[in-house]
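Novice:
Numbering (our numbering), first residue to last: 6 to 415.
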């Protein structure tokens, strides 16, 4: 009787599993993908032939989640992203104007302390998938986002963090699949150019993308995001020192090649680009580019770019060091050598090599102008030299942006 009772209990449990789990899952998967059929041609009740293939798909989805998080968070992989738990993810709430946040453990600089920071709402679906990618809902729990599936022999095992080795291995398995998928769409061997990936490479890519994409004091924001101390030497590994001399020069040339055509094609009635070097380039080449062929236009652009020695971005504008005016650069040292990396808005805005954009630099220049106007109005400076410097800073800013005059003239 006891044997029959156990058998009946197991049958009842199996039916419950089929009705409450397998059939709903099969229906959901069938609605989003191809119908899975067995060797006999009949539709199968479960989309995976065995646990191994089920685990492979689970690992693949988890790896994709890891790569997305590494890409948009800029965090260390094995010690930070890997340590995320269900309770460390807070989804966005449009009704409360609340953005998504994450709270990874920061071991290298904060001894495991969890520090909350915002993350783009565009990956909310990724967070939801990560929280529910299991037989357990990990939302608001201490369960790890990145965990292995329980084995068929130990189905009730509580999920634990996957090892560092497993985390890194899964990334490269996913990378191998990625290279295979793209092999028919590119004319080069991806693996030959980049044999394998590490989670830390995404952190470097995050920093490089931020430096190339955004204007302003980006390096300081990266320092804060990476939880480095002020002027930390390691931040320089991600920013200033991350490229060798040849790469730096090539990047500089590409940046110049992007800026110069935009300056030359700028509107004369409502200019986007202002500053002495922008006016100089427009005057020298502006009259000729309207009556030339596309091929001749490219030659003019190349000629204009060749006149620029280097470009240095600041939060208030660019230094486009020109061959004809580099000797008069305001930032030159005692030997007459320009040093645009170590300068200030006061020197730059009055320099022949300076250029600024309305869309990128107007806000920062307004902030500087209002600061100096406040110094003058409050009579902060007791020394005449400092007062004259503030007056000149306001004057130069209002030359670049005449609309600033409404805030006060000197």
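Just so it is clear, CB atoms sit at the ideal spot from N, CA and C, and this is done for glycine as well.
1) Rounding to the nearest angstrom, what Cα-Cα distance links residue 345 and residue 72 in this structure?
2) Mind checking residue 312: buried by the 16 CB within 10 Å criterion, or exposed?
3) Which residue marks the beginning of the alpha helix (DSSP H) containing residue 173, and which one marks its end?
4) For the segment 281-305, which segments carrying the beta strand (DSSP E) assignment without a break, of at least 3 residues, lie completely within its bounds, in sequence order?
5) Is it true that the CB of residue 283 sits closer than 7 Å to the CB of residue 268?
6) With the cut-off set at 7 Å, would you say residue 321 and residue 370 are in Cβ contact?
7) Using the rule of at least 16 other Cβ atoms within 10 Å of the residue's Cβ for burial, across every protein chain shown, is residue 330 buried or exposed?
8) CA-CA distance, residue 392 and residue 401?
9) Residues in its own chain within less than 8 Å of residue 210 by CB, not counting five upstream and five downstream?
10) Starting from residue 322, trace the beta strand (DSSP E) both ways and give me its first and last residue.
11) Applying the criterion that 16 or more other CB atoms from any shown protein chain within 10 Å of the CB defines a buried residue, is residue 25 buried or exposed?
12) Compute the beta-carbon to beta-carbon distance between residue 195 and residue 184, rounded to the nearest angstrom, for a pair I have assumed lies under 8 Å.
13) Go ahead and label residue 148 buried or exposed: buried means 16 or more other beta carbons lie within 10 angstroms of its beta carbon, across all protein chains shown.
14) Find out if the Cβ-Cβ distance for the pair residue 265, residue 336 is shorter than 7 Å.
15) Could you work out which residue in 109, 142, 333 is closest to residue 356 when comparing CA atoms only?
16) Cβ-heavy atom distance between residue 198 and the ligand GTP below 6 Å?
17) Rounded to whole angstroms, what's the CA-CA distance from residue 170 to residue 106? Just pull it up for me.
18) From the DSSP output, in three-state form, read off residue 392 for me.
19) Skipping 5 residues on each side, what residues in its chain have a beta carbon closer than 8 Å to that of residue 60?
20) With residue 362 as the anchor, note down where its beta strand (DSSP E) starts and where it stops.
Specialist: Here's the rundown:
1) In the chain shown, counting from the first residue as 1, residue 345 sits at position 340. In the chain shown, counting from the first residue as 1, residue 72 sits at position 67. The straight-line gap from Cα to Cα measures roughly 37 Å.
2) As a position in the chain shown, residue 312 is number 307, starting the count at 1. Label assigned to residue 312: buried.
3) Position 168 of the chain shown, counted from the start, is the residue given in the question as residue 173. First-last of the alpha helix (DSSP H) with residue 173: 169-187.
4) none
5) For this step, residue 268 is matched to residue 263 along the chain shown. For this step, residue 283 is matched to residue 278 along the chain shown. Result yes, Cβ atoms of residue 268 and residue 283 sit closer than 7 Å.
6) For the purposes of this step, residue 321 is taken as the residue at position 316 of the chain shown. For the purposes of this step, residue 370 is taken as the residue at position 365 of the chain shown. Their beta carbons are under 7 Å apart, which means residue 321 touches residue 370 by this criterion.
7) Against the chain shown, residue 330 aligns to sequence position 325. Its Cβ being crowded by 16 or more others within 10 Å, residue 330 is buried.
8) As a working mapping, residue 392 is identified with position 387 in the chain shown. As a working mapping, residue 401 is identified with position 396 in the chain shown. Each residue's Cα considered, the two are about 14 Å apart.
9) Counting from 1 along the chain shown, the entry for residue 210 is found at position 205. The answer, listed in chain order, is 76.
10) For this step, residue 322 is matched to residue 317 along the chain shown. Note, residue 322: beta strand (DSSP E), 322-327.
11) Against the chain shown, residue 25 aligns to sequence position 20. Per the 10 Å Cβ criterion, exposed.
12) What you label residue 195 is simply residue 190 of the chain shown in a count that begins at 1. What you label residue 184 is simply residue 179 of the chain shown in a count that begins at 1. Indeed they touch by this definition, with Cβ atoms about 5 Å apart.
13) Translated into the one-based positions of the chain shown, residue 148 becomes position 143. Label assigned to residue 148: buried.
14) The residue you call residue 265 lines up with position 260 of the chain shown. The residue you call residue 336 lines up with position 331 of the chain shown. No, they are not a contact pair.
15) One-based indexing of the chain shown puts residue 356 at position 351. Of the listed residues, the one whose Cα sits closest to residue 356 is 333.
16) As far as ligands go, the structure on display features none, and thus does not contain the ligand GTP.
17) Position 165 of the chain shown holds residue 170. Position 101 of the chain shown holds residue 106. Rounded to the nearest angstrom, the two C-alpha atoms are 27 Å apart.
18) One-based indexing of the chain shown puts residue 392 at position 387. Residue 392 falls in the helix class under three-state DSSP.
19) Here residue 60 refers to the residue found at position 55 of the chain shown. Taken in chain order, the residues that qualify are 154.
20) In the chain shown, residue 362 corresponds to position 357, counting from 1. First-last of the beta strand (DSSP E) with residue 362: 359-362.
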